[in-house]
Amino acid sequence: MTAEIAKFTTEQMIDMVGLFSPCMDDYLYVCDFKEDYYQISPRAVNRFLLPSDHFHEVEKVHKQFVYPEDLDMLLVELELLGQGKKTFHNLHYRWIGHDREPIWINCRGRVLNDPDGTPHYLVGCINEIGAKQKADNVSGLLGEFSLGIYYANYVPNLPDGFLLRLGLDEFRDINESHGNEYGDYILRKTAQCIERNIRSGQKLFRIVADEFAVVDFVGGTIEDARELYRNIKLSILDFIEENKYKAVYTVSGGIVDNRCIEDSYESAMKMSEFALGQAKKQGKNSCHVFDAKEYETYLKGRQLLRVLHHAVNHDFEGFEVYFQPLVGASDGRLSGAEALLRFHGENDRMVSPGEFIPILEESGLIIPVGRWALRQAVDACKEWQKYLPEFKVNVNLSYVQVLKSRVLSDIKGIIEEFGVRPSSVCIELTESGYLEESMHFDKVWNGLKDYGILLALDDFGTGYSNLHCLSDLQPAYIKMDRSFMVKALSREYEYRLLVHTVDMAHSLGLHVCMEGIETKEELAKAREAEPDYIQGFLFGRPCSRAEFNRKFFGEETA
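Numbering (our numbering), first residue to last: 20 to 577.
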């Protein structure tokens, strides 16, 4: 096809770019080959790293905002167009955004020639290939991109009202059981259930995957949001019944008061996502109202996770293993120690184990950290056996380590590396997850016992204690929980229960350790029940390896 003849001046075409640009989402442009001049829709400057919406020295300036790996391809294309060897331009490549990240575009254009046949202009448009859709064709609703635009019209001063974020519970099961097409049908019907309940002025959008957002900028209250959520649930139940229960599902909701939202659409999305997540954590099929203090705690947890990641990646910087003595119940002589993980966070602040250990487990970082802690504990055990040959070290094991790592080979490898006897190490199991029957857990548990490692059930006497565990798992020790011990040492009924538990354990060939003994009076009462070992502040608080060495062996750590 031959190129068209240019019928407009450069000034006229520039005027047309300015005239039509506000009516389009794409970016119009004119490239004048003869004047070496480029003009593009002014909005493009807000999106891309352009110096201006017009400039001379086209190739030189393009080098500033075209992704380097795509630059040669573009320059070859421009040369062919400028020489008249191509008359139509259609190229996928990348420009650079203000965040310095590449953005894929589709640049199309047509060459316009002068009457003598030489190329004069390249006129066309640019659109983002990865730009988000404004609407969702599955549910028939406006999408997340349009939701962002809607908020942009109001921030930073949002009207009174709320944001209700809704998420289908276990939607993946519907897709897996009935197929994606039926899943789309459920999404459409759910959208209709929501639409039937929103009032005038409220807007409904479909956002990510199986989630919807109802935006109220007309003064709705939190109680209005709760009532809306309840009505939506009833409508969904009606639909499920009308659909003959082919797909049974529930919906959770997160509610955010507009007054809590800071100054951006992004903050609205983060807060509503958090509130919806809390509803799902609380059992699903419920709604949760955003709470600023709760969210602040969550954000602190995310910050702590970043600090923990940094620590793990920098040779476990900030982690330390403390040791608390274990003594014989009858004579109070040192027999071993429990290794306890500690962490010094930002500004060398000691972080509570109750704060950082759940984050380690949730993130999976407990696997490398647990392996590191075991090495520290076994290394210390080997050193202290020079003074006390029968010294033992107790190490806590997380269920995450059991389920998601090669923990059996890790433990055996570390013991062999340091050359200690397997019976010098006692693994303490504390999580209820261990008490669930599973072939993998049985393999790890039995593998540890077969290797000669001692095993203890920790926190015995709490809600997770089950008598069948004593016979099925046959641990070497049970450790009576401190909270149970406090009751047993002060109330006759619980004390008799404690005595019977110790007798039962001994009849099964198990040793008993009582935790949390803090006073001489408690020690005297505990000894009457004839346990084997005692642990508590009376004999020593958890302390660093160096301090433990000085206190119990009168030596500096090697």
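All residues carry an ideal CB built from backbone N, CA and C; glycine is no exception.
Which residues does DSSP pair with residue i in a beta bridge?
i: Ile145; result: Tyr46 and Cys126
i: Leu187; result: Val270
i: Cys445; result: Asn413 and Leu473
i: Gln343; result: Glu357
i: Leu223; result: Val233
i: Glu534; result: Gln554
i: Gly116; result: Phe67
i: Val308; result: Ile274
i: Val370; result: Phe362
i: Gln58; result: Val49 and His73
i: Val85; result: Trp114
i: Ile497; result: Leu476 and Val531
i: Leu182; result: Val234 and Val275
Return the Cβ separation of residue i and residue j in integer angstroms, given the expectation that the two are a contact with Cβ distance under 8 Å.
i: Ala396; j: Ala358; result: 4 Å
i: Ile205; j: Ala266; result: 6 Å
i: Leu110; j: Leu93; result: 7 Å
i: Phe224; j: Glu281; result: Actually they are not in contact, since the Cβ atoms of Phe224 and Glu281 sit about 20 Å apart, beyond 8 Å.
i: Gly128; j: Ile122; result: The pair is not a contact, with the Cβ atoms about 18 Å apart (cut-off 8 Å).
i: Phe362; j: Phe375; result: 5 Å
i: Pro441; j: Tyr470; result: 5 Å
Buried or exposed, going by whether 16 or more other CB atoms sit within 10 Å of the CB of residue i?
i: Ala577; result: Reliability fails at Ala577, whose pLDDT of 45 lies under 50, so the model's placement of it is uncertain and the value that follows must be treated cautiously. Label assigned to Ala577: exposed.
i: Cys306; result: buried
i: Pro344; result: buried
i: Ser443; result: buried
i: Thr240; result: exposed
i: Gly202; result: buried
i: Met43; result: exposed
i: Thr28; result: exposed
i: Glu380; result: buried
i: Lys53; result: exposed
i: Leu527; result: exposed
i: Asp629; result: What the structure shows of the chain is the stretch from 20 to 577, and residue 629 is not part of that stretch, so it cannot be assessed.
i: Arg321; result: exposed
i: His530; result: buried
i: Phe503; result: buried
i: Ala210; result: buried
i: Ser371; result: exposed
i: Leu542; result: buried
i: Ile148; result: exposed
Just the Cα atoms here: how many angstroms apart are residue i and residue j?
i: Val388; j: Gln297; result: 28 Å
i: Lys82; j: Phe236; result: 45 Å
i: Ser165; j: Glu292; result: 18 Å
i: Glu566; j: Val421; result: 31 Å
i: Tyr57; j: Gly159; result: 40 Å
i: Asp551; j: Asp229; result: 56 Å
i: Leu557; j: Arg390; result: 30 Å
i: Glu195; j: Leu161; result: 26 Å
i: Ile553; j: His329; result: 37 Å
i: Arg569; j: Arg560; result: 14 Å
i: Glu549; j: Ala524; result: 11 Å
i: His519; j: Glu511; result: 12 Å
i: Phe67; j: Pro41; result: 17 Å
i: Asp257; j: Gln221; result: 23 Å
i: Glu78; j: Ala287; result: 42 Å
i: Asn332; j: Leu508; result: 45 Å
i: Leu467; j: Val426; result: 10 Å
i: Asn366; j: Ile145; result: 50 Å
i: Cys50; j: Phe74; result: 10 Å
i: Arg119; j: Leu90; result: 15 Å
i: Leu474; j: Ser428; result: 16 Å
i: Ala311; j: Val157; result: 34 Å
i: Glu214; j: Ala171; result: 23 Å
i: Asp72; j: Gln31; result: 16 Å
i: Arg184; j: Val227; result: 11 Å
i: Arg218; j: Val64; result: 39 Å
i: Lys431; j: Lys252; result: 53 Å
i: Glu537; j: Asn277; result: 51 Å
Return yes when the Cβ of residue j is within less than 9 Å of the Cβ of residue i, no when it is not.
i: His139; j: Cys126; result: no
i: Val85; j: Arg113; result: yes
i: Ile434; j: Ile472; result: yes
i: Ser563; j: Glu339; result: yes
i: Asp243; j: Phe181; result: yes
i: Cys445; j: Val419; result: no
i: Arg245; j: Ile274; result: yes
i: Thr106; j: Leu100; result: yes
i: Tyr264; j: Val142; result: no
i: Gly186; j: Val270; result: yes
Check whether the Cβ of residue i sits closer than 8 Å to any heavy atom of the ligand ATP, and report yes or no.
i: Val340; result: Looking at this structure, you won't find the ligand ATP or any other ligand, since it has none at all.
Report yes or no: is there a C-beta of chain D within less than 9 Å of the C-beta of residue i?
i: Gly559; result: The structure shown has no chain D; it contains just one protein chain.
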